[in-house]
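Each position in the sequence shown, counted from 1, maps to that position plus 35 in the working numbering. Note sheet for the following structure.
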Amino acid sequence: MKLYKMIQPDFIPKVNIDEYHYELPKDRIAEYPLEDRSASKLLYADVKTKKITHHKFYELAELLRSDTLLVMNTTKVIPARIFLKKPTGGIIELLLVEPANFNLNEIAVNKVSKNSDPQIALLSKGESCWLCIVGGKRVKEKMLLKENYGDDFTITAEILSRRENEAIVKFRWLPDNITFSEMLLKTGKVPLPPYINRDVRLEDKKWYQTVYAKADGSVAAPTAGFHFTDEILNQLKNKNIITENIVLHVGPGTFTPIDVDDVFRHEMHSERISISLDSINNIIKYLRNNETKGLIAVGTTTLRTLESLYWIGCKILFNIYNENDIFTLNQWDSYEIEAKYELPDSLESLKSIINFLTEKNQTEITAKTSLFIIPGYKFKIVNGLITNYHLPKSTLILLVAAFTGKELWREIYSSALNNNYRFLSYGDSSLITNY
Numbered sequence: 036m037k038l039y040k041m042i043q044p045d046f047i048p049k050v051n052i053d054e055y056h057y058e059l060p061k062d063r064i065a066e067y068p069l070e071d072r073s074a075s076k077l078l079y080a081d082v083k084t085k086k087i088t089h090h091k092f093y094e095l096a097e098l099l100r101s102d103t104l105l106v107m108n109t110t111k112v113i114p115a116r117i118f119l120k121k122p123t124g125g126i127i128e129l130l131l132v133e134p135a136n137f138n139l140n141e142i143a144v145n146k147v148s149k150n151s152d153p154q155i156a157l158l159s160k161g162e163s164c165w166l167c168i169v170g171g172k173r174v175k176e177k178m179l180l181k182e183n184y185g186d187d188f189t190i191t192a193e194i195l196s197r198r199e200n201e202a203i204v205k206f207r208w209l210p211d212n213i214t215f216s217e218m219l220l221k222t223g224k225v226p227l228p229p230y231i232n233r234d235v236r237l238e239d240k241k242w243y244q245t246v247y248a249k250a251d252g253s254v255a256a257p258t259a260g261f262h263f264t265d266e267i268l269n270q271l272k273n274k275n276i277i278t279e280n281i282v283l284h285v286g287p288g289t290f291t292p293i294d295v296d297d298v299f300r301h302e303m304h305s306e307r308i309s310i311s312l313d314s315i316n317n318i319i320k321y322l323r324n325n326e327t328k329g330l331i332a333v334g335t336t337t338l339r340t341l342e343s344l345y346w347i348g349c350k351i352l353f354n355i356y357n358e359n360d361i362f363t364l365n366q367w368d369s370y371e372i373e374a375k376y377e378l379p380d381s382l383e384s385l386k387s388i389i390n391f392l393t394e395k396n397q398t399e400i401t402a403k404t405s406l407f408i409i410p411g412y413k414f415k416i417v418n419g420l421i422t423n424y425h426l427p428k429s430t431l432i433l434l435v436a437a438f439t440g441k442e443l444w445r446e447i448y449s450s451a452l453n454n455n456y457r458f459l460s461y462g463d464s465s466l467i468t469n470y
């Protein structure tokens, strides 16, 4: 599909980012989580009735119908901040973004391969190559960064290529019989969001993680899941509420501000997603058997993954792909497909993915998505969302506004502010349904 640079096509909604601003007092930004995750406040908003009520997160099972399907992102945050020294002694921070090739100019931003799978790269021994964000001055190509951790542990990082604040970095470590993941556990720090203005604490390794995290690879957490506890998961199970898992590895692009008035000019970040054949089949089974579907995404990352699946299925059905980019979705692809084709229902689209993977003898779909959900987007699979409260004029605010409608998102945020809710990653939660 095309990447539009200059002229905005009619099928892409016109959105002025200034209309999605609100005043967020600094004292509303949660610096720490609550001691009891499930004690967070939970605002419940019904899109159809516009009714807003206030609860605690531990009441979630009571608020959901027994025929609900909850889909969760089981990605796991890695200690992705590494601090090394230049030859002159200056400290440089490297923030891991994703496994990479050896040359920054050769990176195909949306190309998916086994080599770019964080879970595979984290098992590397001796050396590993990553795309990193560089924090520090005068870091040049071919420079060697180094740090010794005691007498028996050393890391070196060679800057292979550099562009603005990004670099391709080859890491080597001794002893070389341990994995990159084990090395990070010894040396890396938790990548807290930039709006949390404090030093990382040891407790953040537990706090900045969901209780159901499994798949290593994120450098930012799917924070909507922070409020779940084992007890809540058991309550959901006892009420016959179904849960399914997907994986979207959250990158630092989730914090990238929209710095243009016209949202069309914003370049949406790309993130890696994966979902098993069994999970897709279970979602199909659920959609087929439930006329009043209550499919709720736990977090914006899960929502983007599920909606991306629909559009990838459309690409297969309409034969608008090639073998090199089949599992990619550019930020405006969904809007173009909707404008040019008669769309299938969600079942038909998901079945096309099942058929494709079965023919390829594959057990999961892996893709990269830049799907940009803005007001005017029409949701195809998800009709419920659990999410925290997001920064003004952000891509996530636009997603919430797309889901609720232009007026209701403001009412939700005003109500949360008026009722002393805590905002952003370590803050309180909301449940929004549209069924």
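Glycine included, each C-beta is placed from N, C-alpha and C at the ideal position. On a predicted model such as this, the values are computed, not experimentally measured, just so you know.
| Asked | Found |
| --- | --- |
| Best match in Leu195, Ala156, Asp211, Ile127 for proximity to Lys181 [C-alpha to C-alpha] | Ile127 |
| For Val285 and Arg307, the rounded distance between their alpha carbons | 8 angstroms |
| For Phe458 and Tyr412, believed in contact at Cβ under 8 angstroms, the rounded distance | Not confirmed; about 24 angstroms, so no contact. |
| Status (buried if at least 16 other CB within 10 Å, exposed otherwise) for Ala466 | A small correction: the amino acid at residue 466 is Leu; Ala does not occupy that position in the sequence shown. Flag for Leu466 reads buried. |
| Cβ-Cβ distance between Val106 and Ile318 below 9 angstroms | yes |
| Residue span of the alpha helix (DSSP H) that contains Tyr470, given as start and end | It is not in any alpha helix (DSSP H) - Tyr470 carries neither H nor E in the DSSP assignment. |
| Contact the stretch 271-279 vs the stretch 93-112: 3+ CB pairs below 8 angstroms | yes |
| Under 9 angstroms between C-beta atoms of Glu176 and Ser196 | yes |
| Rounded straight-line distance, which links the Cα of Glu266 to that of Leu69 | 16 angstroms |
| Local conformation of Thr363 per DSSP, three classes | strand |
| Exposure label - Thr4; buried when at least 16 CB within 10 Å | Any question about residue 4 goes unanswered here, given that the chain covers just 36 to 470. |
| Which of helix, strand or coil DSSP assigns to Gly252 | strand |
| Nearest-angstrom Cα separation, counted from Ser305 out to Asn145 | With a pLDDT of 40 at Asn145, under the threshold of 50, the modelled position of this residue cannot be trusted; read the value that follows with caution. Near 7 angstroms, if we compare the C-alpha coordinates of Ser305 and Asn145. |
| Phe414 to Lys85 span [Cα, whole Å] | 18 angstroms |
| The alpha helix (DSSP H) enclosing Glu371, as first and last residue numbers | 368-375 |
| C-alpha distance - Ser148 paired with Ser309, whole-angstrom precision | At Ser148 the pLDDT is 46, less than 50, meaning the model places this residue with poor confidence and gives no usable figure here. |
| C-alpha gap between Gly329 and Ile416, whole angstroms | 10 angstroms |
| Nearest-angstrom Cα separation, counted from Ile408 out to Ala437 | 7 angstroms |
| Helix, strand or coil at His301 according to DSSP, with G and I counted as helix | coil |
| Inter-residue spacing [alpha-carbon to alpha-carbon] between Asp313 and Ser387 | 14 angstroms |
| Residue range of the unbroken beta strand (DSSP E) whose run includes Asn200 | Here Asn200 belongs to no beta strand (DSSP E), and DSSP marks it neither H nor E. |
| contact_flag[the stretch 367-387, the stretch 440-451] where n(CB pairs < 8 angstroms) is 3 or more | no |
| First through last residue of the beta strand (DSSP E) which encompasses Pro134 | 126-134 |
| Beta-carbon gap between Pro226 and Val204 smaller than 9 angstroms | no |
| Between the CA atoms of Leu352 and Phe215 - distance to the nearest angstrom | 40 angstroms |
| Member of Lys160, Asp251, Tyr470, Ala259 whose CA lies at the smallest distance from the CA of Lys111 | Asp251 |
| Cutoff 9 angstroms: Ala156 Cβ touching any chain C Cβ | Looking for chain C here will not work: only one protein chain is present. |
| Nonlocal neighbours in the same chain, by C-beta distance under 8 angstroms from Pro292, ignoring five residues either side | Leu426, Lys428, Ser429 |
| Which of helix, strand or coil DSSP assigns to Leu420 | strand |
| CA-to-CA distance, Leu219 to Pro114, given in whole angstroms | 6 angstroms |
| Pairwise C-alpha distance: Lys49 and Ala143 | At Ala143, the pLDDT of 41 sits below 50, so the modelled position is not reliable; the number obtained from the coordinates is stated separately. Each residue's alpha carbon lies about 28 angstroms from the other. |
| Collapsed DSSP secondary structure at Thr340 in the structure displayed | helix |
| Backbone CA spacing between Arg116 and Leu158 [nearest angstrom] | 18 angstroms |
| For Tyr79: DSSP bridge partner residues | Thr88, Leu466 |
| Extent of the continuous alpha helix (DSSP H) run through Ala332 | Here Ala332 belongs to no alpha helix (DSSP H); instead the beta strand (DSSP E) covers 330-333. |
| Distance between Leu382 and Asn272 (C-alpha atoms, nearest Å) | Residue identity check: residue 272 is Lys in the sequence provided, not Asn. Answer to the nearest angstrom: the Cα atoms are 25 angstroms apart. |
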